[in-house]
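Visitor: Going by numbering that gives the first Met the number 0, 41 is the number at position 42 of the sequence shown; the sequence numbering is gapless.
From the three backbone atoms N, C-alpha and C, an ideal C-beta is built for every residue, glycine too.
Let me begin by handing over the structure; questions about it come next.
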Amino acid sequence: MKNKKYLKPALFVALVLTVLIYVASSFIFRGDIKITVHNDTFSEQSIWLSPEEEQIYIIPPGEKRNIKYSTEEISISLMLNYHDIEGKPKSIMLSEYVEAHEQGTVIVEMKQLNPNEEIVLEISDKIK
0 MKNKKYLKPA LFVALVLTVL IYVASSFIFR GDIKITVHND TFSEQSIWLS PEEEQIYIIP
60 PGEKRNIKYS TEEISISLML NYHDIEGKPK SIMLSEYVEA HEQGTVIVEM KQLNPNEEIV
120 LEISDKIK
């Protein structure tokens with residue numbers, strides 16, 4: 000009978016903890032997008048993200064690069080910038096609109112069938 004006396008408070012504490020953990024994981028600790036770029040081309044690729052990203056990432060042919068992009072205080076269209084086969088800067092949208100504190104993953108496949116063809120980018124995103 001003594002165990003039943005503690006059952007209601009224990010269930011209440013468990014419920015409150017569950018709600019707090021959900022709120023913390025859903026709203027407080029958000030804001031990172033994990034971007035993976037696969038370079039399946041015949042040449043080294045230089046990429047950078049915009050807006051607010053100043054770092055250039057170099058990806059050798061056949062390799063991939065993982066990038067962690069913070070969205071803590073911005074609402075933007077997330078863009079990937081690279082150079083085409085002629086060396087001209089190009090941009091492609093990774094996600095049309097990313098709100099502050101959203102999180103998720105984006106996978107980018109940079110493909111090229113032969114060294115003289117344009118680079119084709121395939122993007123899949125799961126940002127929430």
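From 38, 107, 63, 62, pick the residue whose C-alpha is nearest to that of residue 77; which is it?
Guide: The option with the nearest alpha carbon to residue 77 is 107.
Visitor: Under the three-state reduction of DSSP, which class applies to residue 63: helix, strand or coil?
Guide: Residue 63 falls in the strand class under three-state DSSP.
Visitor: Determine contact between the stretch 108-125 and the stretch 36-44, defined as no fewer than three beta-carbon pairs at a distance below 8 Å.
Guide: The stretch 108-125 vs the stretch 36-44: in contact.
Visitor: Measuring CB to CB, does residue 65 end up less than 9 Å from residue 33?
Guide: In contact: residue 65 and residue 33 (Cβ atoms closer than 9 Å).
Visitor: Can you check which of these residues, 9, 61, 46, is closest to residue 54 by C-alpha distance?
Guide: Checking every option, the nearest Cα to that of residue 54 belongs to 46.
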